[in-house]
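Colleague: The working numbering applies: residue 6 is where the sequence shown begins, and numbers increase by one. Every residue gets a Cβ at the ideal spot worked out from N, C-alpha and C, and that includes glycine. Source: prediction; values computed, not measured.
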Amino acid sequence: MTQPSTDPRYDVIAIGNAVVDVIAACEESLIEELNLNRGGMTLIDEGQADALYSAMPPARELSGGSAANTLAGLATLGLQCAFIGQVADDQLGEVFRHDMRATGIDFDTAARPSSDKEGEPATGRVLIFVTPDGERTMNTFLGAGQYLPASALDEDLIASAAILYLEGYLWDPEEPRRAMRRAIEVARAAGRKVAFTASESFVIDRHGDDFREMIDSGLIDILFVNESELATLTGEDDFEAGIAKVAGKVPVLVATKGENGAIAVAHGERAEVAAEPVAKVIDTTGAGDQFAAGFLSGYARGASLETCLKRGAIAAAEVIAHYGPRPEVDMRALMAEKLS
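1) Distance check for residue 235 and residue 176, CA to CA, integer angstroms please.
2) Based on the DSSP secondary-structure assignment, which residues constitute the bridge partners of residue 198?
3) How would you call residue 260, buried or exposed, if buried means at least 16 neighbouring beta carbons within 10 angstroms?
4) Assuming residue 150 contacts residue 91 under a Cβ cut-off of 8 Å, what Cβ separation, rounded to an integer in Å, is found between them?
5) For residue 136, which residues in the same chain have their Cβ closer than 6 Å to its Cβ, ignoring the five residues on either side in sequence?
6) If you follow the beta strand (DSSP E) that residue 20 is in, where does it begin and where does it stop?
7) Might you give, ordered along the chain, the residues of its own chain that have their beta carbon closer than 7 Å to the beta carbon of residue 36, omitting 5 neighbours on each side?
8) Going by other Cβ atoms of all chains shown within 10 Å of its Cβ, with 16 needed for buried, is residue 344 buried or exposed?
9) Based on Cα-Cα distance, which residue from 184, 224, 15 and 214 lies nearest to residue 201?
10) In whole angstroms, give me the CA-to-CA distance for residue 49 and residue 148.
11) How many whole angstroms separate the CB atoms of residue 89 and residue 157, which I take to be in contact at a CB cut-off of 8 Å?
12) Go to residue 237, then tell me how far its alpha helix (DSSP H) extends in each direction, as first and last residue.
13) Spatial neighbours of residue 326 within its chain, please: CB distance less than 8 Å, with the 5 preceding and 5 following residues excluded, ordered by chain position.
14) Is there contact between the stretch 267-279 and the stretch 248-257, where contact requires at least three CB pairs shorter than 8 Å?
15) If you count every other CB in all the chains shown that lies within 10 Å of the CB of residue 13, and 16 or more means buried, which is it?
16) Below 8 Å, how does it come out for the stretch 310-330 and the stretch 95-111: are there three or more Cβ pairs, yes or no?
17) For residue 238 versus residue 203, is the C-beta spacing smaller than 8 Å?
18) Assign residue 69 to one of two classes, buried (16 or more other C-beta atoms within 10 Å of its C-beta) or exposed (fewer than that).
19) State the DSSP-derived secondary structure class of residue 358, mapped to helix, strand or coil.
20) Which residues does DSSP pair with residue 141 in a beta bridge?
21) Out of 87, 161, 17 and 54, which one is the CA nearest neighbour of residue 130?
22) Can you list, in chain order, the residues of its chain with a C-beta nearer than 8 Å to that of residue 244? Leave out the 5 residues immediately preceding and following it.
23) According to DSSP, is residue 28 part of a helix, a strand, or is it coil?
24) For residue 71, which of 56, 59, 229 and 217 has the nearest alpha-carbon?
25) List the residues that DSSP assigns as beta-bridge partners of residue 93.
26) In angstroms, rounded to a whole number, what distance separates the CA positions of residue 289 and residue 330?
27) Beta carbon of residue 110, beta carbon of residue 67: below 8 Å?
28) Using three-state DSSP, classify residue 341 as helix, strand or coil.
29) In whole angstroms, what separates the C-alpha of residue 312 from that of residue 303?
30) Taking the C-alpha atoms as reference points, what is the distance between residue 167 and residue 144?
31) Roughly how many angstroms separate the alpha carbons of residue 194 and residue 249, rounded to a whole number?
32) Residues in the same chain with beta-carbon distance under 7 Å from residue 64, minus the five sequence neighbours each way, listed in chain order, please.
33) So, residue 208 versus residue 169, is the Cβ gap smaller than 8 Å?
The following block contains the structure:
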């Protein structure tokens, strides 16, 4: 067992899907024609991914993955971060690894053998269709990411981070689910905080019992949900009823409401902020990921609950004003400007 440490090397270490986002603008008619789950995320296999890619308009390829996006936001805000995730030894895997390291994130998980070898999965990708209103419809082929084994974990690395951040999307495949359970054990044994983002309502539909058990057992210190996920998790359609049902069970609850802002409840204290104004919503991909980055960037530095929320709202507003799930401006300068 890794021994507890009192001096964290990293602010945040995350375990998540290592995928490349393929993003294309499209008309509403294409969503209907392809019978896609508008505004949601659907898991697909490699054959479906190839077929959808063929049907896409011209697209941009950008490294993505929910937890990886959050780390990218944190790194641009000056925090020390590391990532654990599975790529294949292929072109997209190299793109992902390069992008993470270029952002200042340590990423040393060994790649799986090339997908050219029979039976080996390719690096994951998310095919994202963005309609004129900025809504994104995601179709995810997890690829190599769903085969992240517990043996790939660097337990000393996990214990060296003040916060372990986990994404619900990766809870779906069995192998990385076991890895994340082990990571939680390691982090808690080292006296670290565990942050968890529910990711999507369909994940809660499949694994809600697991999530509720972790919440009830006190394994989650910081929980991120949006209003739809909160309703699915609690069975309460009323937002405030959902908050009341969970707030007493986790030290920090953060619930976002899109254009209606966000609230957080921590140790009995409640704070709420409005959404930051955006001249034009271009692409909502990564909004929740960057909200988490902004919030955690304040939390890791001991900021007030309201300031943490404000930082989350600023980060989310920046990312939805352009294509792609990661910041494109100097986020430290933007935070300084907006919070002055």
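Modeller: So, from the listed chains and residues:
1) When the Cα atoms are used, residue 176 and residue 235 turn out to be separated by approximately 17 Å.
2) Residue 198 pairs with 168.
3) With 16 or more other Cβ atoms within 10 Å, it is buried.
4) Between residue 150 and residue 91, the beta carbon gap of about 5 Å places them in contact (Cβ cut-off 8 Å).
5) For residue 136, the CB contacts under 6 Å within the same chain, skipping 5 residues up- and downstream, are 33 in chain order.
6) It spans 15-20 - the beta strand (DSSP E) in which residue 20 sits, taken as one unbroken run.
7) The residues are 43, 134, 136 and 142.
8) By the neighbour-count criterion, in which 16 or more other beta carbons inside 10 Å mark a residue as buried, residue 344 falls on the exposed side.
9) Of 184, 224, 15 and 214, the residue nearest in Cα terms is 224.
10) In this model, residue 49 and residue 148 are separated by some 10 Å (Cα to Cα).
11) Confirmed, Cβ separation roughly 7 Å.
12) Element bounds for residue 237: 232-239.
13) Scanning its chain for C-beta atoms nearer than 8 Å, with the 5 sequence neighbours on each side dropped, one finds around residue 326 the residues 283, 284, 285, 286 and 287, in chain order.
14) Between the stretch 267-279 and the stretch 248-257, the count of Cβ pairs shorter than 8 Å is three or higher; the stretches touch.
15) So residue 13 counts as buried.
16) Flag = no, the stretch 310-330 and the stretch 95-111 do not touch.
17) Against a cut-off of 8 Å, the Cβ pair of residue 203 and residue 238 comes out as a contact.
18) So residue 69 ends up on the buried side.
19) Because the chain spans 6 through 345 in this model, residue 358 falls outside it and cannot be assessed.
20) Residue pairing of residue 141 in beta bridges, as defined by DSSP: 135.
21) Comparing Cα-Cα distances from residue 130 to each of 87, 161, 17 and 54, the minimum goes to 54.
22) These residues qualify, in order along the chain: 232, 235, 236, 260 and 262.
23) Note: residue 28 maps to strand in three-state DSSP.
24) Taking each of 56, 59, 229 and 217 in turn and checking the Cα distance to residue 71, the smallest one comes out for 229.
25) DSSP, once it has assigned bridges, lists 117 as partnering residue 93.
26) Those two C-alpha atoms are separated by around 8 Å.
27) Not in contact: residue 110 and residue 67 (Cβ atoms no closer than 8 Å).
28) Three-state DSSP puts residue 341 in a helix.
29) Their backbone Cα atoms lie some 7 Å apart in a straight line.
30) Roughly 33 Å between the two C-alpha positions.
31) Taking the straight line from one Cα to the other gives about 29 Å.
32) Excluding residues within five positions, the ones whose Cβ falls inside 7 Å are 27, 28 and 29.
33) Their beta carbons are not under 8 Å apart, which means residue 208 does not touch residue 169 by this criterion.
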